[in-house]
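For the sequence shown, the positions run 13 to 550 when our numbering is used.
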Amino acid sequence: MKIIFLGATHEVTGSCTFLEVGGRYGLVDCGMEQGKDVFVNRELPVDPAELDFVLLTHAHIDHSGRLPLLCKRGFHGGIYLTEATANLCDIMLRDSANIQMQEAEWQQRKAQRAGDELPVEPLFDLDDVQATVNCFRPCREDELIHIGEDVALRFVSAGHLLGAASIELWLTEGGVTKKIAFSGDLGNKNLPIIRRAEHITEADYVVVESTYGDRLHETTSNSAQYLAGVIQHTLDRGGNVVIPSFAVGRTQEMLYLIRELKNAHLVKGHGDFPVYVDSPLAVEATSIFLQCSRDCFDEPTQKLLESGVNPLMFPGLQISVSSDESKRINDDKTPKVILSSSGMCEGGRIRHHLKHNLWRRESTILFVGYQAVGTLGRILLDGEKKTVKLFGEDIAVNAEILFMPGKSGHADRDGLLEWLGAFRNKPEMIFVNHGEDAAVESFAGLVADRLGCRTFAPYSGTVYDLLAGRFVEQPAGVPVTKKAAETPQAQRKRMLFEKLLAAGERLLAVIRGCEGMSNKDVGKFTDQINHLCDKWER
Ligand SMILES: [Zn+2]
Ligand SMILES: [Zn+2]
C-alpha cells in the first residue's frame, strides 16, 4: 500500500497524487500546472489504462485539467466526484478544450506562415472531454462509497468552491485498513453562499494543502459595504466599474454581494444601475449554482432560497452570451458595473472592457482575486506602467485601480491549523503539499511544533509505504530547466529532432540484425542507406 506524490509538490498547481493498494492503482486529482513551473513533476508510474479510479476533490483546472488527457491516453475507470463538481467540471473542461483547440489552430497558422506544414494538435479536444464526462461517478457528500472491497471513501465539504470536498479514504490490504484524509483546497471562512468546511476527526495519514500556510488574510469589515463605496464614487463621476473576475466561484460571490448591497440601497442616486455579466462560462456556472441541492449552501443562502429569493439575481442584472451583446455593452454610455473574465486579464472578454475603460479617468478597475506575477492584472495592480498594449493598441492607464481586500478562496494559516486541530488522535504523518516552496516548508514546521506530529513536505516522486510507515523514495526537487521554458516552436523542433535520433538508432539496430544475411540483400540495403545519406548530407 503506497502513496506517491506527483504534482502540487512544493508548488500550488498541478495537483496529482498516486495510490497503490493490493495491486490496484488510483489517483487523487489530476490537475494542470498553471503559471510559473518551478519543479519537474514525475510522470504517472503506470499506463493510464491500468488506473482503476480517480477521486476528484473539486472542479478547479489545477485539480481536474489533465483528466481529458488521461482519458485520451487510455484511462477508462471511474472518476468519483461530488454532484456539483461533476456539473462544474463538465463546463470548465469544455471551456478548457475550446481554449486548447483555438491555441492549436493559432499555432498551426503561425507555423504555416513560417513554411512549416506539420500539424499542431491540441492537448485534448471536446471528444476527450466527453470521454471524461462519461467516466464521472457523481456522489452525494457524506455518503460512504465503495470501489471494490479494498477502497472506501467519503466526500466532506471543504467550503472552497461549489462542490469542493475533502476526502476521507480507507484503503485495505492484507486485512489491515489505513485511513488517509485529503484536505483538498480548504475554503476561507468568510466566503458567502457555499457551505463551510467540515472537520475530519480521525485519520492515520493526512495530506493537507498550504497555499496560505505562511500568511494571514486581511480581515474585511464588510465586503458589500466596500463594494458599494467603490460603485458609488465611480458611478457618481460617470464611469464604469470593471471587475475582472474568475467565471466560476468569484463571479457568483460578487453577484451575491451586489444583490445584498442593492437590497439594502447602499448605492444612492443611480436607481437600479445596470450590472453586466459578460462571460459565457460565468453565465453557465451561475445557472449550475442555482440548480444545486440546498445542502451545498450556507445557512443565509439556504434561507434566501427557502423564502423564494434567488440569491444571485437582482434588478438591473444583464447577462451577455453572444459577442455582439458583449460589444454593445461599451456602446451604451450609462455608468455600469461589468463583471468579466479572465480574472487575471490574461485572455477573454475582460481585455475588451479594459481597452474601453482603462484610458477613462472616471472608470475604476476593481481586482477581487489574487494576481499572479507576470499577468496583465498584476502589471496594472503594481501601477508601474503608464500604457499597456491591448489588441495592438497602446492604451493609457488612467482609470482608478483598486484591490478588494479579504477576497480569497483559500483558508489562511490559522484556518488550516484549525482544520488540522480537529483530529482527535495524532496522525502517523501529515504530508504538506499545494503550496509554494517557502509556504510548504514553514507550514510543515509550524504544524510539527503546534500539533507534535511528524510532518513532511514531499517533492515530486516521493514514495511512502503506508502499511510499513516508512519512505521508499525521498527525492529532492528537480528545478525546471530552460528546456521546459522554451517556445512551443522550439519545443516542436527539439521533439522532431529526438524522433529523428530514435529513427537513426532503430536503423542501427536493424543493421546489426543483418549480420549473416545474403550478400545481395546486404549490398542493396547499404546502397539505399548511402543514397539517403547523400541526399541529406549538407
Ligand atoms: Zn481550488
Ligand atoms: Zn488548488
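The beta carbon of each residue, even a glycine, is placed where N, CA and C say it ideally should be.
- When distances are taken from the beta-carbon of residue 197 to the heavy atoms of ligand 2, the shortest one is below 7 Å.
- Counting along the chain, no beta strand (DSSP E) covers residue 530, and no H or E run does either.
- For residue 82, the number of other beta carbons within 10 angstroms of its own is at least 16, and it is reported as buried.
- Only residues of its own chain outside the window of five on either side were considered, and among them 38, 89, 90, 159 have a CB closer than 6 Å to the CB of residue 65, listed in chain order.
- At least 8 Å separates the beta-carbon of residue 175 from that of residue 20.
- Relative to ligand 1, even the nearest heavy atom lies 7 Å or more away from the CB of residue 67.
- Exclusion of the five residues before and after residue 481 leaves 440, 441 as the residues of its chain whose Cβ lies within less than 8 Å of its Cβ.
- C-alpha of residue 318 to C-alpha of residue 268: approximately 16 Å in a straight line.
- One Cα belongs to residue 25, the other to residue 454, and the distance between them is close to 18 Å.
- Between residue 211 and the set 410, 178, 104, 423, the nearest pair of CA atoms involves 178.
- In terms of CA proximity to residue 214, 190 leads the group 235, 376, 254, 190.
- Contact annotation, residue 92 with residue 157: C-beta distance approximately 6 Å; criterion of less than 8 Å satisfied.
- Straight through space, the alpha carbons of residue 425 and residue 50 are spaced by roughly 23 Å.
- Under the DSSP definition of a beta bridge, residue 401 partners with 406.
- Assignment of residue 362 by DSSP, reduced to helix, strand and coil, places it in the helix class.
- Residue ranges of uninterrupted alpha helix (DSSP H) with 4 or more members, entirely inside the stretch 36 to 107 and ordered along the chain, are 73 to 76, 79 to 84.
- Looking from the CA of residue 311, the closest CA among 449, 458, 206, 15 belongs to 206.
- Among the bridge pairs identified by DSSP, residue 474 is matched with 17.
- By the Cβ criterion, the stretch 217 to 235 is not in contact with the stretch 244 to 264, since fewer than three pairs of Cβ atoms, one from each stretch, lie closer than 8 Å.
- Residue 96 and residue 115 have their C-alpha atoms spaced approximately 29 Å apart.
- Contact between the stretch 354 to 370 and the stretch 335 to 342 is present, with at least three C-beta pairs closer than 8 Å.
- Residue 173 has its CB nearer than 7 Å to a heavy atom of ligand 1.
- Looking only at 27, 381, 486, the smallest Cα-Cα distance to residue 78 is reached by 27.
- Apart from the 5 residues on each side of it in sequence, residue 60 sits with its Cβ closer than 6 Å to the Cβ of 82, 85, 86, 87 in its chain, given in chain order.
- Going by beta carbons, residue 375 and residue 254 fall inside the 8 Å limit.
- Contact annotation: the stretch 456 to 476 does not touch the stretch 238 to 252, with fewer than three C-beta pairs closer than 8 Å.
- Distance between residue 351 and residue 62, taken at the CA atoms: about 43 Å.
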